[in-house]
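Student: FYI, the numbering for the sequence shown is -20 to -1, 1 to 511, going by mature numbering (1 follows the signal peptide of the UniProt record, and there is no 0). We put the CB at the ideal spot given by N, CA and C, even for glycine.
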Amino acid sequence: MKPFLSLPALLFALALGLMACSAPQPTNRGPGKPYAVEEYKPGIPGTVQTIRVSDGSSFDALVKDGKVILEGDIVLGTVDEVSAMAQAGVSPLSNSCEYARWWCDEWPRKIVYYEVADPERATVGSETLESIVAQAIEEIEARTNLLFVRDPTKARRIVYHSGGKNEGCHSTIGTNRNGSPQEKAHVWLEAPTGGGHCYSKGIAVHETMHALGFYHEQTRDDRGGYVRILWDNIQSSKKHNFENPDGWFVNRGVDVGPYDFDSIMHYGCTAFAKRGGLNTLEPKVAGVTCENNGMGRPIGQRSGMSDGDVLGVLTVYEPLLELTAPSSMARNQPLSFELNGEYDRDTNAVEPYTRWYVDGAEVASATATGSLRTWEYAAGSHTLEAVVEINGVEHDRLSHAFTLSNVAPVVEITQPLGSGPYCQNETITLRALASDADTAPYFESGNVNGRVDWGYDADPADAIPGVQFVANTPSASYTLSDTGTVRFIARVDDADGATASDYVDVVVDPCTNTPPTVTITNPSGDLNVWV
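(1) At 4 residues or longer, what runs of the alpha helix (DSSP H) sit wholly inside the stretch 156 to 230?
(2) Distance check for A305 and R349, CA to CA, integer angstroms please.
(3) Would you kindly check if the distance between the Cβ of A116 and the Cβ of T188 is under 7 Å?
(4) Let me know the secondary structure DSSP gives L56 once reduced to three states.
(5) How many whole angstroms separate the CB atoms of L384 and A359, which I take to be in contact at a CB cut-off of 8 Å?
(6) In whole angstroms, give me the CA-to-CA distance for F317 and T363.
(7) Counting Cβ pairs closer than 8 Å, one from the stretch 407 to 422 and one from the stretch 338 to 346, do we hit at least three?
(8) According to the Cβ coordinates, are D476 and S399 closer than 7 Å?
(9) CA-CA distance, P496 and C403?
(10) Please report how far the alpha carbon of P278 lies from the alpha carbon of C270, in whole angstroms.
(11) I need the DSSP call for T407, collapsed to helix, strand or coil.
(12) Report back the beta-carbon spacing between D242 and S180 to the nearest angstrom; my notes put them in contact at under 8 Å.
(13) Taking buried to mean at least 16 other C-beta atoms within 10 Å of its own C-beta, is W82 buried or exposed?
(14) Check each candidate in H150, Y94, L315 and name the one with the smallest Cα separation from V139.
(15) Do the stretch 455 to 475 and the stretch 406 to 415 make contact, defined as three or more Cβ pairs closer than 8 Å?
(16) Can you give me the C-alpha to C-alpha distance between G274 and Y247, rounded to a whole angstrom?
(17) Which residue marks the beginning of the alpha helix (DSSP H) containing D287, and which one marks its end?
(18) By DSSP's criteria, H380 is part of a beta bridge. Which residues make up the other side?
(19) Ordered along the chain, which non-local residues of its own chain (more than five positions away) have a Cβ less than 6 Å from that of V487?
(20) Below 8 Å on the Cβ atoms is my contact criterion, and I expect P389 with D482 to pass it. Report the Cβ-Cβ distance as a whole number of Å.
(21) Counting only the same chain and skipping the five closest in sequence on each side, list residues whose C-beta sits under 8 Å from that of R9.
(22) Assign E51 to buried or exposed, taking buried as 16 or more other Cβ atoms, counted over all protein chains shown, within 10 Å of its Cβ.
(23) Suppose contacts are defined by Cβ-Cβ distances below 7 Å. Is V387 in contact with A470 by that definition?
(24) Nearest to E118 by CA position, among A184, K264, R208, is which residue?
(25) I need the DSSP call for S37, collapsed to helix, strand or coil.
(26) Express the C-alpha separation of P25 and Q215 in angstroms, rounding to a whole number.
(27) With R335 as the anchor, note down where its beta strand (DSSP E) starts and where it stops.
(28) Just to check my reading of the structure: H375 and L294 have Cβ atoms closer than 8 Å, yes? What is that Cβ distance to the nearest angstrom?
(29) DSSP three-state call for Q281: helix, strand or coil?
(30) For P4, is the classification buried or exposed, using 16 other Cβ atoms within 10 angstroms of its Cβ as the cut-off for buried?
(31) Nearest-angstrom Cα distance between P314 and L352?
(32) When DSSP labels each residue in this structure, what does Q67 get in the three-state scheme?
(33) Going straight from the alpha carbon of residue 516 to that of T58, what length do you get?
(34) Nearest-angstrom Cα distance between T453 and G435?
(35) Along the chain, where does the alpha helix (DSSP H) that runs through L109 open and close?
(36) Nearest by alpha-carbon distance to V373: which of S379, G292, N405 is it?
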């Protein structure tokens, strides 16, 4: 994606060559079909003129109807306007932003005002300019953080026009807030009149992107590594459109992200061919063809914005993002996290491209919110990161440190239930239930039963602690040798060293007054009864 970084007075956007747009369809214009090539007034002949700059450099541009046209569908201004600036040594970008300050010509608050000047003009079936513009705006709003607001009273706005026969598809490029005539960008879409027309969502998106300040993809500085221009196949009067001039006057755009064959701003392979069946450009990258740009669509597709197109918009209209999550919490509850933009549309735009990492390991993707099972992580410090990566480019990375505290286990003696009394030399059975929320299997009752140690204290009243008599078992038995009140202690620990304990006191009597015994003496032996 190649954004027009500075959107100045005139903003005629002499970017990286004088080219025209094309979709991937054949160059013939079938009746009732969208134009194969987005072009300014295709029915009007034009002349190629050389415009000289005060530093001695020059460039060729197409002049039609008294206007200078860049890349086929971008209207730069009148010949006099362009020539005057060139002779004065004033770049069309001089009153606007440099790369490091391109924010100065953004639409404030990322709100794009627009007007539909001819909403009901000729239709394609049920389509009107109104509906085509609505579809284009819906596509851009759904994929980016721009908000389009219809307001014809705003000085700075995009004005959509429905053109008559042979008007073609074209736009000015960008707007400027300095009070110049370029405060308004104009998009012209030829209405259906039986031949070619511009009433398609893809063409409307393409021209709107120009009005927002974006160039064609194949005008990038690095295009030579990705596409081959087939000069012999280009119409002689259109070759200037494929030149890629250098110089401060005409080359002020900045390439964003990797070269994007899927961009809605890319030419089709047959743009301005001498005849059908000829390509004017072809990809140089293995696995990419004119019919399949690597995404299952033809080069020059007009179906919708690519990830590279989205990256271009979000690079200029950068979302201001904030990562929100707790800084500390216990490991027995989930940690909720979320990414929020300055506006909801910031959040929505980056959500499909957001990946979440904890300590470098991915935990979630394509979401602006999530929840972390903290009990699966060790107690201590951790790092949560939200990484927004679009078309292979890391657009943003936000980090958040958080600390997890260990949750101590719990243990409860379940047997014996009472204190007795018991008799001396009697064997008593002991049982306990031990659980730990942040030890696997998590939140399962008794999940740390195997870590229970048992202790015995013959005199709980003295200061001498009891002694352990069995380890790592939830149940045990003990023969009572002491009399009086004795204590049994169940103690459990977890992997982080936290402990918990429970105890039960039982009363042990000497039991010298033993109960009598009785024995049956008759009958003796086995007794068989027959019926």
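Tutor: In brief:
(1) 181 to 191
(2) One-based indexing of the sequence shown puts residue 349 at position 369. One-based indexing of the sequence shown puts residue 305 at position 325. One point to set straight first is that residue 349 is Thr, not Arg, in the sequence displayed. Taking the straight line from one Cα to the other gives about 10 Å.
(3) As a position in the sequence shown, residue 188 is number 208, starting the count at 1. As a position in the sequence shown, residue 116 is number 136, starting the count at 1. Cβ atoms of T188 and A116: closer than 7 Å.
(4) Against the sequence shown, residue 56 aligns to sequence position 76. If DSSP states are grouped into helix, strand and coil, L56 belongs with the strands.
(5) For the purposes of this step, residue 384 is taken as the residue at position 404 of the sequence shown. For the purposes of this step, residue 359 is taken as the residue at position 379 of the sequence shown. That belief holds up - the Cβ atoms of L384 and A359 are roughly 5 Å apart, short of 8 Å.
(6) For this step, residue 317 is matched to residue 337 along the sequence shown. For this step, residue 363 is matched to residue 383 along the sequence shown. If you take the alpha carbons of F317 and T363, they lie about 12 Å apart.
(7) no
(8) By 1-based counting over the sequence shown, the position of residue 476 is 496. By 1-based counting over the sequence shown, the position of residue 399 is 419. No, these two residues do not count as a Cβ contact at 7 Å.
(9) If you number the sequence shown from 1, residue 496 lands on position 516. If you number the sequence shown from 1, residue 403 lands on position 423. Computed Cα separation, rounded: 16 Å.
(10) For the purposes of this step, residue 278 is identified with residue 298 of the sequence shown, where counting begins at 1. For the purposes of this step, residue 270 is identified with residue 290 of the sequence shown, where counting begins at 1. Looking at the two C-alpha atoms, the distance is approximately 6 Å.
(11) Stepping through the sequence shown from its first residue, residue 407 is reached at position 427. Strand at T407.
(12) Reading the sequence shown from its first residue, position 262 is the one you call residue 242. Reading the sequence shown from its first residue, position 200 is the one you call residue 180. The Cβ separation is near 18 Å, so there is no contact.
(13) On the sequence shown, residue 82 is found 102 positions in, with the first residue counted as 1. Bear in mind that a pLDDT of 43 at W82, under 50, signals an unreliable position, so the model cannot answer this.
(14) In the sequence shown, counting from the first residue as 1, residue 139 sits at position 159. With distances taken between Cα atoms, V139 lies closest to Y94.
(15) yes
(16) Position 294 of the sequence shown, counted from the start, is the residue given in the question as residue 274. Position 267 of the sequence shown, counted from the start, is the residue given in the question as residue 247. Each residue's alpha carbon lies about 15 Å from the other.
(17) Stepping through the sequence shown from its first residue, residue 287 is reached at position 307. Per DSSP, D287 belongs to the alpha helix (DSSP H) from 287 to 296.
(18) Indexing the sequence shown from 1 puts residue 380 at position 400. Partner(s): L364.
(19) Along the sequence shown, read from residue 1 onward, the residue named residue 487 stands at position 507. Residues S399, G400, P401, T465 of the same chain have their beta carbon placed closer than 6 Å to that of V487, with the five preceding and five following residues left out of the count.
(20) Mapped onto the sequence shown, residue 389 falls at position 409. Mapped onto the sequence shown, residue 482 falls at position 502. The Cβ separation is near 11 Å, so there is no contact.
(21) To locate residue 9, count along the sequence shown from 1; it is residue 29. Confidence in R9 is poor, its pLDDT being 37 and thus under 50, which makes the residue's placement unreliable; the coordinate value appears in the next sentence. Here the set comprises Y15, A16, G175, G176.
(22) Numbered from 1 along the sequence shown, position 71 holds the residue referred to as residue 51. Classification for E51: buried.
(23) Counting from 1 along the sequence shown, the entry for residue 387 is found at position 407. Counting from 1 along the sequence shown, the entry for residue 470 is found at position 490. No, they are not a contact pair.
(24) Stepping through the sequence shown from its first residue, residue 118 is reached at position 138. That would be A184, whose Cα lies nearest to the Cα of E118.
(25) For the purposes of this step, residue 37 is identified with residue 57 of the sequence shown, where counting begins at 1. Coil, per DSSP.
(26) For the purposes of this step, residue 215 is identified with residue 235 of the sequence shown, where counting begins at 1. For the purposes of this step, residue 25 is identified with residue 45 of the sequence shown, where counting begins at 1. Between the C-alpha atoms of Q215 and P25 there is a straight-line separation of about 13 Å.
(27) Reading the sequence shown from its first residue, position 355 is the one you call residue 335. Run containing R335: 334 to 338, per the beta strand (DSSP E) assignment.
(28) In the sequence shown, residue 375 corresponds to position 395, counting from 1. In the sequence shown, residue 294 corresponds to position 314, counting from 1. About 6 Å separates the two Cβ atoms, so the contact holds.
(29) Locating residue 281 in the sequence shown gives position 301, counting from the first residue. Coil.
(30) On the sequence shown, residue 4 is found 24 positions in, with the first residue counted as 1. A caution first: P4 carries a pLDDT of 40, below 50, which makes its placement in the model unreliable, though a value can still be read off. Counting Cβ neighbours within 10 Å, P4 comes out buried, since at least 16 surround it.
(31) Walking along the sequence shown from the start, residue 314 turns up at place 334. Walking along the sequence shown from the start, residue 352 turns up at place 372. Spanning the two alpha carbons is a distance of roughly 5 Å.
(32) Locating residue 67 in the sequence shown gives position 87, where the first residue counts as 1. If DSSP states are grouped into helix, strand and coil, Q67 belongs with the helices.
(33) Because the chain is modelled from -20 through 511, residue 516 falls outside the range shown and cannot be assessed.
(34) Here residue 453 refers to the residue found at position 473 when the sequence shown is read from its first residue. Here residue 435 refers to the residue found at position 455 when the sequence shown is read from its first residue. Going from the Cα of T453 to the Cα of G435 covers about 12 Å.
(35) Mapped onto the sequence shown, residue 109 falls at position 129. Here the alpha helix (DSSP H) through L109 covers 109 to 123.
(36) Within the sequence shown, residue 373 is the residue found at index 393, counting from 1. Selected option, being the one with the closest Cα: G292.
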